[in-house]
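Residues in the sequence shown are numbered consecutively from 3, following the numbering used here. Working notes, beginning with the structure itself.
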Amino acid sequence: MKITTVPFAVLGLQYKIARFPLQLIEDRVMARLDAEAPARLFYERSLGMLDAAVGGALGDSELQTRGSALAERSDALSRAARLDAAATQKQQRAEADLKTKRENAIKDQKQAREEKEREVREARTEAEQRKSAAAEDAEKRTRAAKQQADQVAARRTNSVEEAKRKAQDEIRAEEEQATSAARSKAEDAQAKSAAADGKRAQADRLEELADAEKQKRQRARATDS
Numbered sequence: 003m004k005i006t007t008v009p010f011a012v013l014g015l016q017y018k019i020a021r022f023p024l025q026l027i028e029d030r031v032m033a034r035l036d037a038e039a040p041a042r043l044f045y046e047r048s049l050g051m052l053d054a055a056v057g058g059a060l061g062d063s064e065l066q067t068r069g070s071a072l073a074e075r076s077d078a079l080s081r082a083a084r085l086d087a088a089a090t091q092k093q094q095r096a097e098a099d100l101k102t103k104r105e106n107a108i109k110d111q112k113q114a115r116e117e118k119e120r121e122v123r124e125a126r127t128e129a130e131q132r133k134s135a136a137a138e139d140a141e142k143r144t145r146a147a148k149q150q151a152d153q154v155a156a157r158r159t160n161s162v163e164e165a166k167r168k169a170q171d172e173i174r175a176e177e178e179q180a181t182s183a184a185r186s187k188a189e190d191a192q193a194k195s196a197a198a199d200g201k202r203a204q205a206d207r208l209e210e211l212a213d214a215e216k217q218k219r220q221r222a223r224a225t226d227s
């Protein structure tokens, strides 16, 4: 053994003694944590870098290799944990986006259904309004037609009554004339009397016609009511 290796061997022994509590913490505390727990990875990386540095300084290739491997393993697990966290976060965002899209789709469907129901209600209301307007218009036309029929019937009745009055006036005039003439001429009075009888018959016919027209108008009113 070279004399120069003695101090390094002593330092290596001292480091192992000093490292024992650190190893005890790793075995008793850190080992209970998840292999990818950030605290465990940080501790193992720090311990590995310390072993690698001390191993390099003391010329202990085994300690240096073991420390480097532990540090690299911790780094790899850290990167894997970060990637896994990123993937989890990405998946969560995707799930949140999907949930939002589903909620929006449900909301759109609800709005479309409400819009359709509103259009149906408006169409029904419009149809009822058109129906009511048509019924009102038909009633107005019926009233107008009835009023027009009543006016026509009234004009006809007035015409018949006027003709009847005119005929009666003529009859009275002729009777007066016949009476006056009968005083002087009996034959002429008889002829005029016969003419008056004819006028009476005509007046009676006109009166019957007026009565028939009046009854017809009354029946028409009763039918319309």
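Ideal Cβ positions, reconstructed from N, Cα and C, are used throughout, including at glycine. Please read these numbers as outputs of a predicted model, since none were measured by experiment.
Cutoff 7 Å; reference residue i; Cβ partners in own chain excluding five residues on either side
i, result
"R158", "E215"
"A89", "none"
"A73", "R47, G50, M51, A54"
"S80", "L43"
"T6", "With a pLDDT of only 44 at T6, under 50, the local geometry of the prediction cannot be trusted, and the value read off the model is given with reservation. So no residue of the chain qualifies."
"M3", "Any reading at M3 needs caution, since the residue's pLDDT is 39, under 50, leaving its predicted position unreliable; the model's value is listed next. Here the set comprises nothing."
"L35", "A41, R42"
"E68", "One detail in the question is off: residue 68 reads as Arg in this sequence, not Glu. D53."
Whole-angstrom C-beta distance between residue j and residue i, which should lie under 8 Å
i, j, result
"A193", "E176", "Going by Cβ atoms, the distance from A193 to E176 rounds to 11 Å, so no, they are not a contact pair."
"A169", "Q204", "6 Å"
"R47", "S76", "4 Å"
"K201", "I173", "5 Å"
"A165", "L208", "6 Å"
"A82", "E38", "7 Å"
"D226", "K148", "5 Å"
"A222", "A114", "The Cβ separation is near 57 Å, so there is no contact."
Cutoff 6 Å; reference residue i; Cβ partners in own chain excluding five residues on either side
i, result
"L1", "Because the chain in this structure spans residues 3 to 227, residue 1 falls outside the shown range and cannot be described."
"M32", "R42, Y45"
As assigned by DSSP and simplified to three states, the class of residue i
i, result
"A39", "coil"
"M3", "Residue placement at M3 is flagged as unreliable, the pLDDT there being 39, under the threshold of 50; the coordinate-derived value follows with that caveat. Coil, per DSSP."
"S161", "helix"
"S186", "coil"
"V154", "helix"
"V8", "Note on V8: pLDDT 48, under 50, position unreliable in the model; the coordinate value appears next. Helix."
Contacts around residue i, its chain only, beta-carbon distance under 8 Å, and the 5 residues preceding and following it disregarded
i, result
"A135", "none"
"I27", "Y45"
* What are the uninterrupted segments assigned as beta strand (DSSP E) that are 3 or more residues long and contained completely in the segment 55-136, given in chain order? -> Under the rule that a run must span 3 or more residues, no beta strand (DSSP E) segment is found entirely inside the segment 55-136.
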